[in-house]
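What follows is one structure encoded as structure tokens, with my remarks underneath.
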Amino acid sequence: MNGWTGDWVSARLGVGLTTDRSAVDLPLDALVGLALRRNPRRAHLLVSTVLGKHVPTDPRIVQAAGTLLGLLVTDVLADVTSVADAARRAGVTQALTAALVGEPGAAEHLLLVVDGLHDAVTAAPEAEGATVVVGYAETATALGHCVGAALGVPSLHSTRRPVAGVTPAAGFAEEHSHATEHLLLPAAPRFLADASTLVLVDDEISTGTTVLNTVRALHADSPRGRYVVAALIDLRSAADQERFEALGREIGARVDVVALTSGTITLPEDVLERAPVVVAEQSAQQELLRADGTDEVGRADGGTADDGAHAAPATRATPRAAVTRRAAWEDGVREGGRHGFSVEDEAVLQARAVALAEDLARELVGPDVLVLGFEELMYAPLLVGVALTAAVSDDVRVRYSTTTRSPVLSLDDPGYAIRTTVTFPAHDDPDDGPGPRFAHNVAPGVDASRRFTDIVVVVDAPADTPGLAAPGGLVDVVAQHCDHVHVVVVPSTTPGVSPATAARSTAGPHATSTEEPTP
1 MNGWTGDWVS ARLGVGLTTD RSAVDLPLDA LVGLALRRNP RRAHLLVSTV
51 LGKHVPTDPR IVQAAGTLLG LLVTDVLADV TSVADAARRA GVTQALTAAL
101 VGEPGAAEHL LLVVDGLHDA VTAAPEAEGA TVVVGYAETA TALGHCVGAA
151 LGVPSLHSTR RPVAGVTPAA GFAEEHSHAT EHLLLPAAPR FLADASTLVL
201 VDDEISTGTT VLNTVRALHA DSPRGRYVVA ALIDLRSAAD QERFEALGRE
251 IGARVDVVAL TSGTITLPED VLERAPVVVA EQSAQQELLR ADGTDEVGRA
301 DGGTADDGAH AAPATRATPR AAVTRRAAWE DGVREGGRHG FSVEDEAVLQ
351 ARAVALAEDL ARELVGPDVL VLGFEELMYA PLLVGVALTA AVSDDVRVRY
401 STTTRSPVLS LDDPGYAIRT TVTFPAHDDP DDGPGPRFAH NVAPGVDASR
451 RFTDIVVVVD APADTPGLAA PGGLVDVVAQ HCDHVHVVVV PSTTPGVSPA
501 TAARSTAGPH ATSTEEPTP
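Position 317 of the sequence shown, counted from 1, bears residue number 317 in the UniProt record's numbering, the numbering being contiguous throughout.
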């Protein structure tokens with residue numbers, strides 16, 4: 001791979017990654033870059049190249065990485081290495097590397113290679129309900145779904161969106177996060193309690209504290225004999241690994257960990273003191289460039305960030321793109337695992353995603369497309385993105401990412417993982433109150449070739465509020481960086497809430513609304 005998107009942070013703060021082992025021979029720097037958080041409790045952000053959260057990524061890469069992780073879980077469940085061995089023979093490392101650098105046809109080839117690894121599975125979960133997958137919000141909801149689909153078992157993901165009248169099955173904290181409370185809200189009271197094996201899925205394991213909190217909370221409610229923790233990368237220290245072993249002994253259960261790649265991260269002792277200084281310096285430089293009109297860094301309307309070495313002409317006069325709206329599909333289709341997701345739900349959602357993608361393909365105005373999900377709503381947009389790659393011609397580039405709560409310094413440098421950020425207010429009436437939200441790497445920055453012609457904004461019904469389309473809202477800010485915004489509203493399946501109540505202002509199944517006027 002050409003360069004590393006962690007070079008900038010590594011050079012200035014001494015943060016480094018070392019690969020210790022990988023089930024499929026993937027180095028850590030192929031799977032993550034680095035950025036700086038605006039968070040006093042944690043200086044750095046590991047930015048995944050295969051998750052599709054902060055970096056627009058070919059959706060087939062995202063699905064392939066999640067499927068591969070799920071298939072490696074089957075190795076752990078059966079105490080074998082058949083999938084890992086088959087992955088090496090099939091050239092998964094080479095296929096992923098080619099896909100990440102954008103070689104023609106490589107992403108499709110990667111997905112085919114990973115799908116072929118199903119033949120190497122030596123043991124599947126015993127029965128429906130015996131194993132349940134739990135993904136972590138907000139970053140690993142789609143990843144958890146991909147693992148569940150690979151295993152062929154039900155799944156659930158945590159949420160920060162409480163539902164009146166629904167009692168959480170568990171709640172737990174994520175210490176380093178800016179939004180710490182996770183809730184598990186399965187609609188079926190016994191969804192988790194009846195599982196003999198729980199597979200907990202996150203994008204990364206740093207210390208493992210969040211996972212340990214989860215296992216303790218769930219085990220206290222419903223003791224079981226086995227937990228498997230699955231992540232794209234595992235960066236636990238030897239002491240943290242010992243904490244996992246101690247927990248297993250304490251509760252009398254087996255706790256296994258599986259990751260695509262494991263290693264260590266080197267953090268200088270003073271990194272928490274030095275990182276805010278670097279962030280403040282870069283922010284001040286960007287403010288000066290904005291004041292001079294030589295940088296297109298956005299304010300509430302978003303834009304790029306720059307370290308002063310790559311100043312770009314101001315683009316504040318860019319016309320706002322046209323906007324169209326549609327409902328994704330009919331009411332009653334479960335859009336994800338916030339309240340539980342079955343194998344049957346998977347088949348239905350995939351079929352609806354294909355139908356929607358075929359409709360969208362006919363409405364695209366250009367060859368560079370981003371499917372943009374919304375915070376926890378990651379899996380349905382991912383499936384739409386994957387289906388869209390099959391519905392368009394080979395000269396159309398489709399990428400996938402989602403909005404986020406994570407505030408990060410953006411810096412338009414090829415050695416830095418978060419090159420641009422657009423900022424907008426929360427528009428889903430969050431329980432923890434209003435606040436800023438972000439979409440990273442959506443604006444093109446200094447490189448016009450990164451500009452999208454079409455952005456497909458996928459939100460669920462509770463997020464389809466007046467704030468979504470208000471001046472300075474999500475639709476408004478992304479419309480400044482593309483030619484056409486396609487707003488897709490997914491009907492919500494919330495326990496105790498009728499579709500009519502949840503739908504708010506959706507337009508009806510596969511109905512395209514008239515274009516909103518551009519100012």
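Glycine included, every Cβ here is placed at the ideal spot set by N, Cα and C.
Considering only their Cβ atoms, is the gap separating residue j from residue i smaller than 8 Å?
i           : j      : result
VAL458      : LEU377 : yes
TYR400      : VAL73  : no
VAL201      : VAL134 : yes
ILE265      : VAL15  : yes
VAL398      : LEU383 : no
THR421      : PHE438 : yes
ALA99       : ALA107 : yes
THR139      : ASP203 : yes
GLY66       : VAL147 : yes
TYR379      : GLY336 : yes
GLY33       : GLY6   : yes
ILE233      : THR261 : yes
VAL343      : GLY152 : yes
LEU360      : THR402 : no
residue 604 : GLY263 : Residue 604 is absent from the structure shown; the chain starts at 1 and stops at 519.
ARG362      : TRP329 : no
ALA130      : ALA193 : no
ALA95       : LEU110 : yes
ALA35       : ALA417 : yes
Roughly how many angstroms separate the alpha carbons of residue i and residue j, rounded to a whole number?
i      : j      : result
ALA113 : VAL257 : A small fix is needed here, since residue 113 is Val in this sequence, not Ala. In a straight line, the C-alpha of VAL113 is about 24 Å away from that of VAL257.
LEU267 : LEU349 : 42 Å
LEU272 : GLY225 : 39 Å
SER48  : GLU269 : 24 Å
VAL408 : HIS54  : 10 Å
PHE424 : HIS339 : 27 Å
HIS118 : LEU71  : 7 Å
GLU181 : GLY385 : 29 Å
SER158 : SER492 : 16 Å
ALA187 : ARG161 : 14 Å
VAL323 : PRO381 : 18 Å
LEU17  : TRP4   : 11 Å
LEU68  : ASP58  : 16 Å
VAL229 : VAL199 : 6 Å
THR494 : VAL163 : 8 Å
ALA64  : HIS145 : 12 Å
GLN285 : ALA84  : 47 Å
VAL24  : ASP412 : 32 Å
ASP240 : GLU103 : 38 Å
PRO517 : ALA469 : Because PRO517 sits at a pLDDT of 35, beneath the cut-off of 50, its placement in the model cannot be relied upon, and the following sentence gives the value as read from the coordinates. In a straight line, the C-alpha of PRO517 is about 12 Å away from that of ALA469.
LEU212 : ALA291 : 47 Å
VAL333 : GLN282 : 45 Å
THR207 : GLU242 : 11 Å
ASP75  : GLY467 : 46 Å
Which word fits residue i, buried or exposed, when buried means at least 16 other C-beta atoms lie within 10 angstroms of its C-beta?
i      : result
ALA275 : buried
SER237 : exposed
ALA11  : exposed
THR167 : exposed
SER410 : buried
ASP306 : Below a pLDDT of 50, predicted positions are generally treated as unreliable, and ASP306, at 38, falls in that range; the measurement from the model is reported next regardless. Buried, by the Cβ-count rule.
LEU289 : buried
PRO56  : buried
ASP345 : buried
SER449 : exposed
VAL101 : exposed
ASP79  : exposed
THR122 : exposed
SER22  : buried
ARG41  : exposed
SER393 : exposed
GLY473 : buried
ASP29  : buried
PRO189 : exposed
ASP395 : exposed
PRO154 : buried
- Task: Give, in chain order, every unbroken run of the beta strand (DSSP E) that is at least 3 residues long and sits entirely within the segment 448–499.
- Result: Those beta strand (DSSP E) runs which fall completely within the segment 448–499 and span 3+ residues are 454–460, 484–490.
- Query: Three or more beta-carbon pairs under 8 Å between the segment 438–452 and the segment 475–483, yes or no?
  - Reply: Contact check between the segment 438–452 and the segment 475–483: three or more CB pairs, one atom from each, fall below 8 Å, which counts as touching.
- Message: I'd like to know if the segment 415–435 and the segment 459–466 are in contact, where contact means that at least 3 CB-CB pairs between them fall below 8 Å.
- Response: Cβ pair count under 8 Å is three or more, so yes.
- Task: Assess, as a yes-or-no matter, whether the segment 90–100 is touched by the segment 235–250 under the definition of 3 or more beta carbon pairs within less than 8 Å.
- Result: Too few Cβ pairs lie closer than 8 Å, so no.
- Item | Runs of alpha helix (DSSP H) lying entirely within the segment 241–283, each at least 4 residues, in chain order | Fully enclosed alpha helix (DSSP H) runs of 4 or longer: not present.
- In the segment 31–101, which residue ranges form an unbroken beta strand (DSSP E) of at least 3 residues, counting only runs that do not cross its ends? 32–36, 44–48, all fully within the segment 31–101.
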